Structure formats: structure tokens, C-alpha cells
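Comments concern the structure below.
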Amino acid sequence: MAVPKKKTSKSRRDMRRAHDGLAPIRNSVCACGETRLPHHVCLSCGRYNNKQVVKNRKDAVDSPEE
Numbered sequence: 103m104a105v106p107k108k109k110t111s112k113s114r115r116d117m118r119r120a121h122d123g124l125a126p127i128r129n130s131v132c133a134c135g136e137t138r139l140p141h142h143v144c145l146s147c148g149r150y151n152n153k154q155v156v157k158n159r160k161d162a163v164d165s166p167e168e
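Position 35 of the sequence shown, counted from 1, bears residue number 137 in the working numbering, the numbering being contiguous throughout.
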């Protein structure tokens, strides 16, 4: 079994962990003024890329069309 010969210093350990932090959630602002996730349909108005994609996104989530 492999065992380290020397103790890893705090500096070396922390440099290795420097890229493990979480990035903050990025939000975009829709044309209607609501915040939304990038590359997602707006939940309030149903628009994506300034085009109407869904009649009303809230209605589509609550009751699926059959």
C-alpha cells in the first residue's frame, strides 16, 4: 500500500484545494423584469431569447396539457 514519505504542508494542501470552491449561481434578467437562470424559459412570462415559447409557463408547470 502506498504511504506518503513526508507530511503534506498546509500550503500545498490548500493550493490543491483552491479550485474546489463553489461558484455563485448566475442569474439573468428577463425582458419582463424577473430573474431567471441563463438558457432557461422565464417562469413568469414563458419567453426564451425574447421569443414567446410557452403561453404561460406557470400554467404549464401546474397542469400538463393532454
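Using N, Cα and C, we set each Cβ at its ideal position, and we do this for glycine too. Quick caveat, the model's predicted, so the values are computed rather than measured.
{"query": "Coil, strand or helix - Arg138 by DSSP", "result": "strand"}
{"query": "Helix, strand or coil at Ser130 [DSSP, three-state]", "result": "strand"}
{"query": "Endpoints, the alpha helix (DSSP H) within which Arg115 is located", "result": "Lys112 to Arg118"}
{"query": "C-alpha gap between Ser113 and His142, whole angstroms", "result": "40 Å"}
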